[in-house]
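Chemist:
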Amino acid sequence: MAKVEKGLKGDELAVRRQKNIEYQNIRKERLEELGEHKISIRLNSADYEKLADLCESLGHRRPQPQMRNLIENYSSALVYLLRIEKLRQLYDPQSQAAKELYYLYKVVDHLKNDKGLSDSQIAEHFREKKNRTPLSIFVDNEGTNWKKRHIKQLLNEKTLLNRLSILDEDE
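Going by my numbering, the residue at position 27 of the sequence shown is 13; the numbering climbs one at a time, nothing skipped.
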């Protein structure tokens, strides 16, 4: 049998090098869009599996070695965890109504900031799921007709904190 030539010819090699350079430049630009700071971490197997589960639950493919766009997946997961921690520090609701309103806030914040949905898309999402509106939670009725203004009011942290404290005082 004849030997298969593994080396590339001059033109093929030049084309491949050019494509590689273009890819590296595009990749560098995409990473700069994510942010200017870099971090490096080491994880044991159990924590790595938890991170992979989180990436998957956020809508990314499950990370595997040598997979493309791992940095984007990990960055997305870390940003999500930072946002969740900030939300956790914002307020600790006590009453059932306050917990329900706070849960709605966290879901809306996730859909708006992590998923990038518009206010009308978020309102439609909640209408389809028949979730109670923030106002219906506050006045204790079963209204599910979501509007864009409900999203705006829910994302206003000052108003949210005021309503949460009122709900907790009522209990």
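Virtual Cβ for every residue (Gly too), placed ideally from N, Cα, C.
Once you ignore the five residues that flank Asp154 on each side, which residues in its own chain have a CB closer than 7 Å to its CB?
Modeler: The residue labelled residue 154 in the question sits at position 168 within the sequence shown. Pro79, Gln80, Ser81 and Ala84.
Chemist: Quick one: what's got a C-beta closer than 8 Å to Leu141's C-beta in the same chain, skipping five residues either side?
Modeler: To locate residue 141, count along the sequence shown from 1; it is residue 155. Tyr91, Val94, Asp95 and Lys98.
Chemist: Just tell me which of Arg74, Leu56 and Pro120 has its CA closest to the CA of Glu86.
Modeler: What you label residue 86 is simply residue 100 of the sequence shown in a count that begins at 1. Here the closest residue by C-alpha is Pro120.
Chemist: What's the C-alpha gap between Leu73 and Lys116?
Modeler: As a working note, residue 73 is residue 87 in the sequence shown. As a working note, residue 116 is residue 130 in the sequence shown. Distance between the alpha carbons of Leu73 and Lys116 is about 24 Å.
Chemist: Pick from Ile123, Val125, Asn131 and Asp126: whose alpha carbon is nearest that of Ser106?
Modeler: Here residue 106 refers to the residue found at position 120 when the sequence shown is read from its first residue. Here the closest residue by C-alpha is Asn131.
Chemist: Where do the ends of the alpha helix (DSSP H) carrying Pro120 lie?
Modeler: The residue given as residue 120 occupies position 134 in the sequence shown. From DSSP, the alpha helix (DSSP H) with Pro120 extends over Pro120 to Val125.
Chemist: Rounded to the nearest angstrom, what separates Gly102 and Arg16 at their Cα positions?
Modeler: Within the sequence shown, numbered from 1, the residue matching residue 102 stands at position 116. Within the sequence shown, numbered from 1, the residue matching residue 16 stands at position 30. Cα to Cα, Gly102 sits roughly 18 Å from Arg16.
Chemist: Taking 8 Å as the limit between beta carbons, can you name the residues of its chain near Glu42, skipping five residues before and five after?
Modeler: Position 56 of the sequence shown, counting from 1, holds the residue named residue 42. Contacts found: Arg48.
Chemist: Look at the alpha carbon of Leu37 and the alpha carbon of Arg54, and state the distance between them as a whole number of angstroms.
Modeler: Along the sequence shown, one-based indexing puts residue 37 at 51. Along the sequence shown, one-based indexing puts residue 54 at 68. Their Cα atoms are separated by approximately 16 Å.
Chemist: Between the Cα of Phe124 and the Cα atoms of Leu146, Ser104 and Arg13, which residue gives the shortest distance?
Modeler: On the sequence shown, position 138 is the one that residue 124 refers to. Comparing Cα-Cα distances from Phe124 to each of Leu146, Ser104 and Arg13, the minimum goes to Leu146.
Chemist: For the alpha helix (DSSP H) that Asn59 lies in, which residues bound it at each end?
Modeler: One-based indexing of the sequence shown puts residue 59 at position 73. Start and end: Leu56 to Leu76.
Chemist: Find out if the Cβ-Cβ distance for the pair Leu(-1), Ile57 is shorter than 9 Å.
Modeler: Locating residue -1 in the sequence shown gives position 13, where the first residue counts as 1. Locating residue 57 in the sequence shown gives position 71, where the first residue counts as 1. Not in contact: Leu(-1) and Ile57 (Cβ atoms no closer than 9 Å).
Chemist: Is it right to say Arg149 is buried, meaning 16 or more other beta carbons lie within 10 angstroms of its own, or is it exposed?
Modeler: The residue given as residue 149 occupies position 163 in the sequence shown. Result: buried.
Chemist: Based on Cα-Cα distance, which residue from Ile108, Tyr77, Ser151 and Val65 lies nearest to Ile25?
Modeler: Here residue 25 is taken as the residue at index 39 of the sequence shown, counted from 1. For the residues Ile108, Tyr77, Ser151 and Val65, the minimum Cα distance to Ile25 belongs to Val65.
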